[in-house]
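K.L.:
Position one of the sequence shown corresponds to residue 214 (the numbering used here), numbered consecutively onward.
Glycine included, C-beta positions come from ideal geometry on N, C-alpha and C.
Got a structure for you, questions after.
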Amino acid sequence: MSEGNLLYKGKAKSVFAADDSNVLSVVFRDDITALDGLKKNTFEGKGACNAKVTAYFYPILEKNGVPTHFIKSVNETTQLVRKLKMIPLEVVVRNRAAGSLVRNYGFTEGQYLEKPIIVMDLKDDSRHDPMINDDIILALKFVTETELAEIKRLALLVNKILKENLAEKNIDLIDMKLEFGKDNEGLIRLGDEISMDSLRLWDKGEICASMDKDIYRKDKGDVMEVYRKTVERIVN
Ligand SMILES: Nc1ncnc2c1ncn2[C@@H]1O[C@H](COP(=O)(O)OP(=O)(O)OP(=O)(O)O)[C@@H](O)[C@H]1O
Ligand SMILES: [Mg+2]
214 MSEGNLLYKG KAKSVFAADD SNVLSVVFRD DITALDGLKK NTFEGKGACN
264 AKVTAYFYPI LEKNGVPTHF IKSVNETTQL VRKLKMIPLE VVVRNRAAGS
314 LVRNYGFTEG QYLEKPIIVM DLKDDSRHDP MINDDIILAL KFVTETELAE
364 IKRLALLVNK ILKENLAEKN IDLIDMKLEF GKDNEGLIRL GDEISMDSLR
414 LWDKGEICAS MDKDIYRKDK GDVMEVYRKT VERIVN
């Protein structure tokens, strides 16, 4: 299947048309950004690292009852996916307190949460991805009440599956950002990616022993050295 026209260039991935109009070709680039794109760099091999982790987790999620967009990997940075009508929500699932939960609400860094917390942000860089609640989501008619409940059910299922998988590798899943869309039959599917850009991962038992994009956000060391080590820990 050949790569067609460039349809969309995001901050870290490029989306191309494919021969089949229900399929897209997604290229994971070596670009990395933070602070809504204000901070940006390019690290050789970064795209392949994120693509590898995405290609590892999506088939596992599919096998465990999570419909996803993932079809197959074409090469180390390109994946074929089902074209989805993306729902402009960043669905954040938190198991322990970090990031804005500490900054905005006074939780202690690393504090265990009695049960996973779901936070929804509007996916809109120009508005700095503001937090959004159910009533606003329904008023904006992004999804129906039933679809919103399904998104939350799937997000918690993804969290459970990833948390258990990573715990076996002595990695703590602190929080993660997911994106969902609707396929051409209206089914809600997990889209986008699961990688060091969308996961917050700490080496088990340590506070803030980041194994993800926080290394870049907070200038805490060699990003690619950490990304490569994390890929090894996760996929092997
Ligand atoms: N299966 C899919 N069908 C259609 N669009 C998709 C699918 N999966 C992901 N996308 C969209 O493709 C784009 C991927 O590019 P990238 O991740 O670089 O995005 P972005 O919009 O810059 O935003 P962010 O980096 O905040 O996600 C995103 O806008 C994402 O919502
Ligand atoms: Mg993205």
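1) Taking C-alpha atoms, which residue in T321, D416, G258 and F355 lies nearest to D334?
2) When DSSP labels each residue in this structure, what does R242 get in the three-state scheme?
3) In terms of residue numbering, what span does the beta strand (DSSP E) encompassing L326 cover?
4) Taking DSSP as the reference, what is the three-state secondary structure of G217?
5) If you compare alpha carbons, which of R430, D435 and R446 is closest to G250?
6) Hey, which residues come within less than 6 Å of ligand 1, measuring from Cβ to any heavy atom, in chain order?
7) DSSP state of K226, grouped into three classes?
8) Using only the alpha-carbon positions, how far apart do D416 and K285 sit?
9) Here's the rule I'm using: 16 or more other beta-carbon atoms within 10 Å means buried, otherwise exposed. How should L391 be labelled?
10) For N218 and F229, I'd like the C-alpha separation in whole angstroms.
11) CB-CB under 6 Å to I407, same chain, minus the five flanking residues each way: which ones, in chain order?
12) Got a sec? Which residues, its chain only, sit under 6 Å from A253 by beta carbon, not counting five neighbours each side?
P.N.:
The answer reads as follows:
1) Numbered from its first residue, the sequence shown carries residue 334 at position 121. Comparing Cα positions, the closest option is F355.
2) The residue labelled residue 242 in the question sits at position 29 within the sequence shown. Looking at R242 - three-state DSSP - the assignment turns out to be coil, as it is neither helix nor strand.
3) By one-based count along the sequence shown, residue 326 stands at place 113. First-last of the beta strand (DSSP E) with L326: Y325 to L335.
4) Here residue 217 refers to the residue found at position 4 of the sequence shown. Strand at G217.
5) Taking the first residue of the sequence shown as 1, we reach residue 250 at position 37. The candidate whose alpha carbon is nearest that of G250 is R430.
6) Y221, G223, K224, A225, K226, V228, L237, H282, V294, R295, K296, L297, M299, E392, G394, G404 and D405
7) Locating residue 226 in the sequence shown gives position 13, counting from the first residue. The answer is strand: DSSP assigns K226 an E or B state.
8) Against the sequence shown, residue 416 aligns to sequence position 203. Against the sequence shown, residue 285 aligns to sequence position 72. Approximately 29 Å, taken between the alpha carbons.
9) Locating residue 391 in the sequence shown gives position 178, counting from the first residue. Buried: at least 16 other Cβ atoms inside 10 Å.
10) Translated into the one-based positions of the sequence shown, residue 218 becomes position 5. Translated into the one-based positions of the sequence shown, residue 229 becomes position 16. Roughly 5 Å between the two C-alpha positions.
11) Within the sequence shown, residue 407 is the residue found at index 194, counting from 1. Here the set comprises T267 and F270.
12) Mapped onto the sequence shown, residue 253 falls at position 40. For clarity, residue 253 is Lys in the given sequence; the question names Ala instead. Contacts found: T246.
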